[in-house]
Amino acid sequence: MISSSQYGSHSWELLVTVDHQHEEVQKEFLLRVTGDLHIGGVMLKLVEQIKISQDWSDYALWWKQKNCWLLKTHWTLDKCGVQADAKLFFTTQHKMLRLRLPNLKTVRLKVCFSSVVFKAVSDICKILNIRRSEELSLLKQSEDMLRKKKKKDKNSKEPVTDDILNLCNSPVSSGLSGSPGLYSKTMTPIYDTTSGTPAASTITWFSDSPLTEQNCSMLTLSHPNCSPEILAEMYQPRTLADKAKLNAGWLDSSRSLMEQGILEDDQLLLRFKYYTFFDLNPKYDAVRINQIYEQARWAILLEEIDCTEEEMLIFAALQAYHVSKLSLSSEAQDFTCESEVDEVEAALSNLEVTLEGGNTSNILEDITDIPKLADNLRLVRPRKLSLKTIKPYWFVFKDTSLSYFKNEESAQGEPIEKLNLKGCEVLPDVNVAAKKFGIKLLIPVADGMNEVYLRCENENQYAQWMAACILASKGKTMADSSYHPEVHKILSFLKMKNWTMSPQAVSDPEGIDMKPECFVSLRYTKKYKSKQLAARILEAHQNVSQMSLVEAKLRFIQAWQSLPEFGLSYYIVRFKGSKKDDVLGVSYNRLIRIDIATGDPITTWRFSNMKQWNVNWEIRQVAIEFDQNVSIAFTCLSADCKIIHEYIGGYIFLSTRSKDQNETLDEDLFHKLTGGQE
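Positions in the sequence shown are counted from 1; adding 113 to them yields the working numbering.
Next up, the structure:
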């Protein structure tokens, strides 16, 4: 018999299940505890009772019913709310996880299941040597993607074996804190800037890292081309509603993997969530550049983002034919020359996408006298009940406004119309082969968007006016130092599109070892025969054939960024007061309300005009206030409203980055902006 004094007046029994590998030892233990016993004391009692000699430092208590970790070891059971009916699970915090990278490689490594996802992604990126981990996150595959994959596996005659890269011996895998990453050792370049392979001066560093030289090459080289049959079996969104499904599975960055139902050895997608690629540098970012390139490549091949036929051929020439050819050959090493490295550096400066108010490197270009553009352009106005009218006018672009007059002589008087382009949508309407250089402007008005088309005479005129419109839409003028790089970026993209047929180069497309169907989306493989596609891709290849491997990838990323739909993540929402569903596009600097049936933009709201945003967690409604007493509210139908809330806060957070921060992030600020108050 046990006396009542031994029990204690307030003691009770707590059931704890231990996750260990010793089959001969029991897994369930009953502990006699009191409410004032702290969590650390519970774990100490438990380990003494288990009587297995091993390292228990990575173990922690998981409360199954409440779906939470008990990590504050100084808290008492009473403070945590743990009572006799609680079922606790004593398990490791670091568990195996399979991650599918943008280049379709799967890596298997140990990840901390008790850390919030933001921290877990940071540790993963240190292992993979990817800088700026805040741009990435973890994504659960959509049900449609999984269904298509299951169907593919079922129909496959051969067993499907994933090419899995095991990185189990990493510091994070051992339950220790993550390594600082190879790039943190010194400012010595880690990668060759032309081929992306480990530099000779730092190649020994890889022996100390789980990312060995061989593993590194798997992450820095492009994925082999796949056949049209395999491409057809992959999930391809057909409508805006389908595209919205792709973004429904983002994990909550403020909660742990375990809290979100992720189990050991589950597979998740590691993807770039935020399309603001800050401080890209070929010396340190070979893995990062390749993974961005691969994410862009698959988005285009699977038609997750729309592009014209002319643009598709440029992407085909760059991504598959040029990059894959260099990746598979040793020729990548033979492209080294100083001018090409400078070209890469110039491309990098164009690739840095910053939010409003972002720092720029060349302060000397900022001048007090705001420049203006004045020239003859043609104005195209679509008519609802008749053909569109095209008339020449004298246009003047100053500050963020576009004015037009009957002719140059009347420019001193009042304009026919003055258009304020701040907050407008700017879309290219270009066909270089047909000498068509158009700019489509969607200008916000009270009842929607006012459509205006401008027609330019040549490439140079188009680049200058297009760059001015893009900056004006962001509230910037041509005095901003980003104007001239924007003009240069547009011209370089047009130059890639402007190819001429070289008879000797494309005399026999069939004689060249190339499967053109692997390089374009299925829409174009159905439209053209293989021989026609090969000839057109080789035609486009003339302008990119002299690029190094890294430069070709950077040019591809740059061209991807030039697409009108770049960086848009779609969600199906219902606006307050509306009787029908709409699509909300979330970009790095704006929100766009889109008609779900036609795909036409209805209204645009810029983050620079946003005063505050919040969520009513009870009814799951996002409310946003903008300048000039504009406010909107909506509920999200295709995903949890927390995902959109985090997207907005995440982009605001990324706009605060600057190069003088020494790559340290204010994690508390991120959670303050994205976490919400559920």
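For every residue, glycine included, the Cβ atom is placed at its ideal position computed from N, Cα and C. Quick caveat: nothing in here was measured; it's all calculated off a predicted structure.
Endpoints, alpha helix (DSSP H) assigned at residue i
| i | result |
| --- | --- |
| aspartate 236 | 230-241 |
| lysine 602 | 596-610 |
| leucine 767 | 754-767 |
| glutamine 671 | 662-674 |
| alanine 524 | No alpha helix (DSSP H) contains alanine 524, which DSSP labels as neither H nor E. |
| aspartate 355 | 353-359 |
| glutamine 645 | 643-654 |
| leucine 415 | Run containing leucine 415: none; DSSP gives neither H nor E here. |
| glutamate 247 | Run containing glutamate 247: none; DSSP gives neither H nor E here. |
| lysine 640 | 635-640 |
| isoleucine 483 | First-last for isoleucine 483: undefined, no H or E at that position. |
C-beta atoms of residue i and residue j nearer than 8 Å
| i | j | result |
| --- | --- | --- |
| serine 227 | methionine 371 | yes |
| valine 545 | isoleucine 556 | no |
| arginine 494 | proline 505 | no |
| glutamate 377 | lysine 208 | yes |
| leucine 353 | isoleucine 707 | yes |
| valine 234 | leucine 249 | yes |
| leucine 364 | lysine 192 | no |
| arginine 384 | glutamine 349 | no |
| valine 129 | leucine 144 | yes |
| isoleucine 757 | valine 735 | yes |
| threonine 255 | alanine 361 | The sequence shown places serine at residue 255, rather than the threonine named in the question. Contact flag set, yes. |
| isoleucine 243 | glutamine 404 | yes |
| isoleucine 650 | leucine 426 | yes |
| leucine 127 | lysine 218 | no |
| leucine 697 | phenylalanine 739 | no |
| leucine 534 | lysine 553 | no |
| phenylalanine 510 | lysine 485 | yes |
| isoleucine 152 | lysine 185 | yes |
| phenylalanine 550 | glutamate 521 | no |
| alanine 576 | leucine 607 | yes |
| phenylalanine 679 | isoleucine 418 | yes |
| leucine 190 | valine 131 | no |
| lysine 239 | tyrosine 304 | no |
| leucine 201 | tryptophan 175 | yes |
Counted within 10 angstroms of its Cβ, other Cβ atoms place residue i as buried (16 or more) or exposed
| i | result |
| --- | --- |
| alanine 429 | buried |
| valine 138 | exposed |
| cysteine 281 | exposed |
| asparagine 472 | Reliability fails at asparagine 472, whose pLDDT of 41 lies under 50, so the model's placement of it is uncertain and no value is given. |
| histidine 123 | exposed |
| valine 558 | exposed |
| lysine 177 | exposed |
| histidine 135 | exposed |
| valine 273 | Bear in mind that a pLDDT of 40 at valine 273, under 50, signals an unreliable position, so the number given afterwards is only what the model happens to contain. Valine 273 should be labelled exposed. |
| glycine 788 | buried |
| serine 691 | exposed |
| glutamate 451 | Note that glutamate 451 scores 39 on pLDDT, short of 50, meaning its location in the model is unreliable and no value can be drawn from it. |
| alanine 665 | buried |
| glutamate 530 | exposed |
| arginine 401 | buried |
| glutamine 617 | Note that glutamine 617 scores a pLDDT of 45, beneath 50, so its modelled location is shaky; the value from the coordinates is reported in the next line. Exposed, since its Cβ has fewer than 16 Cβ neighbours within 10 Å. |
| phenylalanine 783 | buried |
| serine 287 | Confidence at serine 287 is low in this model, with a pLDDT of 46, below 50, so the placement of that residue should be treated as unreliable; the coordinate-derived value is given next. It counts as exposed. |
| lysine 785 | exposed |
| alanine 487 | exposed |
| glutamine 432 | buried |
| threonine 777 | exposed |
| aspartate 753 | exposed |
Delimiting residues of the beta strand (DSSP E) encompassing residue i
| i | result |
| --- | --- |
| lysine 588 | Here residue 588 turns out to be glycine, not lysine, going by the sequence shown. It is not in any beta strand (DSSP E) - glycine 588 carries neither H nor E in the DSSP assignment. |
| methionine 723 | 723-729 |
| aspartate 781 | No beta strand (DSSP E) contains aspartate 781, which is instead part of the alpha helix (DSSP H) from 780-787. |
| glycine 154 | Here glycine 154 belongs to no beta strand (DSSP E); instead the alpha helix (DSSP H) covers 152-163. |
| cysteine 193 | Counting along the chain, cysteine 193 falls outside any beta strand (DSSP E), though it belongs to the alpha helix (DSSP H) covering 190-193. |
| methionine 425 | Unbroken run through methionine 425 is the alpha helix (DSSP H), 422-428; no beta strand (DSSP E). |
| leucine 212 | 207-213 |
| alanine 746 | 743-749 |
| glutamate 126 | 125-131 |
Beta-bridge pairing of residue i - partner residues as DSSP gives them
| i | result |
| --- | --- |
| asparagine 544 | Lys549 |
| phenylalanine 679 | According to DSSP, phenylalanine 679 bridges with nothing at all. |
| aspartate 488 | Phe508 |
| proline 557 | Met562 |
| serine 516 | Val509 and Lys531 |
| glutamate 141 | Thr130 |
(Q) Quick check on the DSSP output: what are the complete beta strand (DSSP E) runs of length 3 or more inside the region 371-412, in order along the chain? (A) 380-385
Q: Just list the beta strand (DSSP E) runs in the region 682-721, keeping only unbroken ones of 3 residues or longer that don't cross its boundaries, in chain order.
A: 682-688, 695-699, 703-707 and 714-719
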